Amino acid sequence: MQININADLGEMAGQDEEIMPYLSSCNIATGGHVGDIDSMQRAISLAKKHNVKIGAHPSYPDLENFGRIRPKISDEDLKESLTHQLSTFYEIAVKNNVDVHHIKPHGALYHDVINDRNKAELFLNVLDDLGLKTSIYTMKNEFLDQLGKKNHIIHNEAFIDRRYTIDLRLVSRKHPNALIENPEEVWEQLYSILYLNKINVISGEVMDIKADTFCIHGDHPNAVKILKYIKFKLEKLKP
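The opening residue of the sequence shown carries number 1 in the working numbering; numbering runs sequentially from there.
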């Protein structure tokens with residue numbers, strides 16, 4: 001069975017080449033939280049080699065904190081940074097004759113465009129100003145999902161290597177059990193979302209959830225083992 005598994009790559013984690021063959025799509029860092037022209041070029045070339053769809057993965061301009069903490073930044077400066085990140089990424093994609101399939105915000109920006117209407121509107125205005133009519137990866141029933149449907153195709157995303165709270169938010173990385181490390185447990189979460197539209201949240205309840213793309217973080221220490229195990233389990237499901 002073919003499912004859309006995506007991963008955040010181009011983040012200097014050292015395992016992009018091992019991860020890429022198991023993906024349907026990837027989200028490539030555009031220099032806000034990590035990366036530069038060379039890393040974008042390498043990731044795009046690698047995705048092209050394995051026929052993996054590419055996406056831009058813009059962030060708050062925050063190299064120090066890997067884009068995972070909301071910085072003090074004006075709306076104008078954020079617009080300027082996002083415009084630069086996306087323009088650079090698209091230029092490299094064009095030079096490599098590769099279409100950009102989607103855009104997915106990173107880290108703190110990802111959460112802010114979900115939870116903050118103004119940030120979602122700012123993000124979408126940047127896309128409109130650049131004339132980018134592309135797909136967006138985001139969580140279901142949140143601001144970017146709701147507002148982005150007007151001009152974009154929305155792919156609702158679920159994370160298979162992270163635990164969720166009862167309100168279907170990701171458990172903070174400060175929590176000792178935020179990350180799912182065991183391949184079997186990752187598979188169980190993926191299977192439950194994919195086939196049952198259910199997820200077991202960290203407080204013990206079972207919640208409804210729907211998604212059509214499933215993310216594993218490229219810097220997850222067990223990413224390669226997890227993806228190999230998922231492939232094994234999916235192949236066993238074949239009739």
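Backbone N, C-alpha and C define an ideal beta-carbon position, used for all residues, glycine too. All of these numbers come straight from a predicted model, not from anything done at the bench.
Cβ distance (whole Å) where residue i is taken to contact residue j below 8 angstroms
i: H102; j: S25; result: 7 angstroms
i: I92; j: I37; result: 7 angstroms
i: V100; j: G55; result: 7 angstroms
i: G31; j: Q85; result: 6 angstroms
i: G218; j: I69; result: About 19 angstroms separates the two Cβ atoms, so there is no contact after all.
i: L130; j: S87; result: 7 angstroms
i: H33; j: L63; result: 7 angstroms
When the options are compared against residue i, the one with the closest alpha-carbon
i: I166; options: D145, P61, L196, V206; result: V206
i: D75; options: A120, F214, A211, K49; result: A120
i: R42; options: L63, Y191, D62, E11; result: E11
i: L23; options: N4, G35, P58; result: N4
i: L46; options: G35, P21, I153, D62; result: P21
i: H175; options: S203, D62, P183, E184; result: S203
i: V98; options: K48, H152, K104, L78; result: K48
i: K210; options: T88, Y60, I154, H50; result: I154
i: D128; options: K140, E184, N151, A178; result: N151
i: L227; options: L237, G35, I216; result: I216
i: T138; options: H50, Y60, K104; result: K104
Nearest-angstrom Cα separation, counted from residue j out to residue i
i: L109; j: Y229; result: 31 angstroms
i: V224; j: L122; result: 35 angstroms
i: V201; j: K72; result: 32 angstroms
i: G67; j: H57; result: 11 angstroms
i: M40; j: K53; result: 14 angstroms
i: D145; j: K133; result: 15 angstroms
i: E184; j: D112; result: 31 angstroms
i: G14; j: Y90; result: 23 angstroms
i: L168; j: R117; result: 18 angstroms
i: P61; j: N177; result: 28 angstroms
i: N65; j: R173; result: 13 angstroms
i: K231; j: G35; result: 29 angstroms
Chain-order list of residues whose beta-carbon lies under 8 angstroms from that of residue i (same chain, five-residue window excluded)
i: N240; result: The displayed coordinates of the chain run from 1 to 239. Any statement about residue 240 would go beyond what the structure contains.
i: F214; result: I3, N4, I5, N6, E157, A158, F159, I160, L190, I193, L194
i: N96; result: Q41, I44, S45, K48
Spatial neighbours of residue i in its chain, beta-carbon cut-off 7 angstroms, leaving aside the 5 residues before and after
i: I180; result: D161, R162, R163, V186, Q189
i: G208; result: Before going further, note that residue 208 is Asp rather than Gly in the sequence given. Here the set comprises N197, K198.
i: E17; result: L46
Close Cβ partners of residue i (< 6 angstroms) along its chain, the five nearest in sequence each way excluded
i: N222; result: E181
i: H220; result: D161
i: L82; result: P58, V126
i: N9; result: The question names Asn, but residue 9 is Leu in the sequence shown. These residues qualify, in order along the chain: D16, C26, I28, A43, G218.
Minimum Cβ-Cβ distance from residue i to chain D less than 8 angstroms
i: F89; result: Among the chains of the structure shown, chain D does not appear; only one protein chain is present.
Strand pairing of residue i, partner residues [DSSP]
i: H106; result: Beta-bridge pairing links H106 to no other residue.
i: N27; result: D8, G55
i: T213; result: E157
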